[in-house]
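Some notes on the structure that comes next.
Numbering (this note's numbering), first residue to last: 2 to 382.
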């Protein structure tokens, strides 16, 4: 009987430890936050950067005691869950369903590719789950979905910034257009065309290429035949790196702008990336203390520089933290808080969300120099 009593006492002590933890209070359930991204396939680097930016924020927050929801006495740790969308819309739908219905996440980040986000965002909308996406296609936030928010300014902002810089600041008028024939490329180049018309600049030509193309000689030939002063290209990293390489080999000497000038593009294009212009929500050469603090932690964790995708997901986690600490663990109240947010800034720009979920107006014009991204000028910081 004495032995049974001792075993029973040990079991009770174990139960108390599990329920109350070392600090003597009931151990709070973690807050589950998900991320949907391209973790496999030829574009997996995109998902890697997205996941790593969020992981930095999660590590910092958990180390500091977690998130303390409004109305609760103590902080909760974040449980971070990643699901792969493979860059495929149907896989993305399945991944979001898994996060919501299997993992029971409170909110999630992603996807990053507009071609995955647009056909899949109804899943979170129907479930009433806050979704913070780094996708850029304008139509994503034009559907009346109150549950989706951007962590990067849309292509409406990006197109306006680069056209303003090329057509007004540099006074270029002979501009040709190129794009990858996917949602991101199509919608982005449409915004560029609109802004060029406003600037009284008629594009010399508009040339598309398919996702997956590995010989862009036909597109490069059409572009170079128009003798442009500048080419504006909207699309995927690998295809655009091939395009700039083939243009350079054909003797093109004009300016080249690429919508996603990041370390993925530079890593593929290598020396052909030199002097290419871009736009970005974040560049690791940004001297602001908050931007450099993020960079320092990221480099210490992953032994490489962060990119624009990393900055977006890092800020996304902190935006969620701010909302939960102000509004509590009620998803509808978090949604309403985000729509009413007037100012939030961490590593990237100044966030405020409009009724559609679009974030604030902030962009850097960047340029590749010596396989690094430098800031040429900033808007809205």
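Heads up, the beta-carbon is just placed ideally off N, CA and C, and yes, glycines get one too. Fair warning: this is a prediction, and the values are worked out from it, not measured in the lab.
Q. Considering only the beta carbon of each residue, do residue 133 and residue 168 sit closer than 8 Å?
A. no
Q: Could you tell me which of 72, 193, 33 sits nearest to residue 329, measuring between CA atoms?
A: 72
Q | Start-to-end residues for the alpha helix (DSSP H) that takes in residue 208 | A | Element bounds for residue 208: not the alpha helix (DSSP H) but the beta strand (DSSP E), 207-210.
Q) Excluding the five sequence neighbours on either side, which residues of its own chain have a C-beta within less than 6 Å of the C-beta of residue 264, listed in chain order? A) 308
Q. Residue 341 to residue 355, Cα distance in whole Å?
A. 8 Å
Q) With a CB to CB cut of under 6 Å and the five nearest residues on each side skipped, what residues in its chain are close to residue 303? A) 53
Q | Residue range of the unbroken beta strand (DSSP E) whose run includes residue 256 | A | 256-259
Q.
Going by the DSSP bridge assignment, what does residue 179 pair with across the sheet?
A. 208, 234
Q: With a threshold of 16 other CB atoms inside 10 Å of the CB of residue 383, please say whether the residue is buried or exposed.
A: Residue 383 lies beyond the range of the chain shown here (2 to 382); nothing can be said about it.
Q: Count the CB pairs spanning the region 166-181 and the region 142-152 that are closer than 8 Å, and state whether there are at least three.
A: no
(Q) Quick check on residue 128: does DSSP put it in helix, strand or coil? (A) helix
Q) How many angstroms separate the CA atom of residue 56 from the CA atom of residue 207? A) 39 Å
Q) Would residue 260 pass as a contact of residue 183 if the rule is Cβ separation under 8 Å? A) no
Q. By Cβ distance below 7 Å, which residues in the same chain neighbour residue 359 in space, the five residues on each side in sequence not counted?
A. 142, 151, 155
Q. Quick one: what does DSSP say residue 321 is sitting in, helix, strand or coil?
A. helix
Q: Give the secondary structure of residue 289 by DSSP, where H, G and I count as helix, E and B as strand, and everything else as coil.
A: coil
Q) When you compare only the Cα positions, how much space is there between residue 410 and residue 200? A) The question about residue 410 has no answer here: the residues shown for the chain are numbered 2 through 382.
Q: Can you grab the Cα-Cα spacing for the pair residue 345 / residue 251, in whole Å?
A: 46 Å
Q: Name the residue from 44, 104, 37, 31 whose alpha carbon lies nearest to the alpha carbon of residue 239.
A: 44
Q) In this structure, does DSSP put residue 138 in helix, strand or coil? A) coil
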